[in-house]
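Those letters in the sequence shown? Residues -29 to -1, 1 to 277, by mature numbering (1 follows the signal peptide of the UniProt record, and there is no 0).
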Amino acid sequence: MTLNRRNFLRATLSGAAIATAGGSQMVFASSCSQAQPVSSGNVTLNLSLQEGLTPGDNLQQKLDFMEANGVVGIELGGGNLSGRVGEIKQALKGRNIKVSAICAGFKGFILSENPEIRKQCMDTMKENIAAAGEVGSTGVIIVPAFNNQVPVLPHTMETRNFLCEQFTEMGNYAAEHGTTVIFEPLNRRECFYLRQVADAASICRDINNKGVRCMGDFWHMTWEETSDMGAFISAGEYLQHVHVASRKRRIMPGEDGEADNYIDGFKGLKMIGYNKYVSFECGCEGDRKVVLPAALKLLREQWEKA
């Protein structure tokens, strides 16, 4: 068959023009039979801070700082979360701040070769999931296995199927408690198994459980993704949380200068109508009371540019 290049380009450009007509942006997914237009005008940037990153001597002071700077989410650590439920609920009363995600805090790891360690992971995850539901969190973040966690199950289809089985159980439990479990892809220096957002989303798709979702982290995406926008679009409805940090040294956004550009990723979030949280997970080189407000300002400006 002879390819008519001119006709091919004409048809391709014509299709692109139709897809972008009317001011809507079109999101395409392999699991969908039709393109779905999503207006980016109604998507809000919901910023969140990890508790340990936020200035303040106690939870109330940290929440005061967040409110003063327009932050609407607090990301909590999972350590002793069940013992803090009352404190957290009381502290959030009357505030325009909700719990975004719960970061780790469980024990063991789900891909261990040792059944006892896997059980430890499942049991402590369920404890955190129940507490996450009580405080109204969007979900509990989990990494299947870090590079330093050994001995670990081999990277095979059998292991992937086993992972899906384990997370179906976790997802069912999370759904019962009104929350989710959230896969976090990491860069290859930290995690061998799950490195790209699309990989995490494909597992969520295969599990097909409303209690199982995934996230993206701009820091890890810097090293693993060819396109921030493409990564977020690949996750689509499964994207439940986003982490942000500077793109060279994993400190505060803006502290790495021009490298700290998130516009491409923000475009992707707008395209999929993302309505969850973008949460800071990073260090800080300068005075947090100064650098943090500047970082929040930077992200808001780049969100508008996107």
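Beta carbons are placed, not taken as given, at the ideal position from N, Cα and C, and that holds for glycine.
These numbers were taken from a predicted model, which means no experiment stands behind them.
- Between the alpha carbons of A169 and G41 lies a distance of about 31 Å.
- Here the stretch 262 to 271 lies against the stretch 212 to 230, with 3 or more beta-carbon pairs under 8 Å apart.
- Partner residues in the beta bridge of S19, as assigned by DSSP, are G44 and S250.
- Judged by DSSP in its simplified three-state form, C175 adopts helix.
- For the pair of segments examined, the stretch 251 to 259 was found not to touch the stretch 198 to 211: the number of CB pairs separated by less than 8 Å stays below three.
- The C-alpha of L16 lies about 21 Å from the C-alpha of G23.
- As computed with DSSP, C74 is found in a beta bridge with G48 and I112.
- In the DSSP assignment, D235 falls within the alpha helix (DSSP H) that extends over I234 to M242.
- DSSP lists C185 as the bridge partner or partners of L210.
- With contacts defined as CB atoms closer than 7 Å, G107 and V70 qualify as a contacting pair.
- The DSSP-derived three-state label of I68 is coil.
- Just so you know, the alpha carbons of E275 and D235 end up roughly 12 Å apart.
- In this structure, DSSP gives I153 an extended state, which the three-state scheme calls strand.
- Collapsing the DSSP output to three states places V121 in coil.
- Listed in chain order, the non-local C-beta contacts of K268 below 6 Å within the same chain number zero, local neighbours out to five positions each way being set aside.
- Excluding the 5 residues flanking it on each side, A230 has same chain C-beta neighbours closer than 8 Å at S217, R218 and K219, in chain order.
- For the pair N119 and E161, the Cα-to-Cα distance works out to about 8 Å.
- Counting the other CB atoms within 10 Å of its CB gives Q31 a total below 16, which places it among the exposed residues.
- Counting along the chain, G225 sits inside no alpha helix (DSSP H), nor does DSSP assign it H or E at all.
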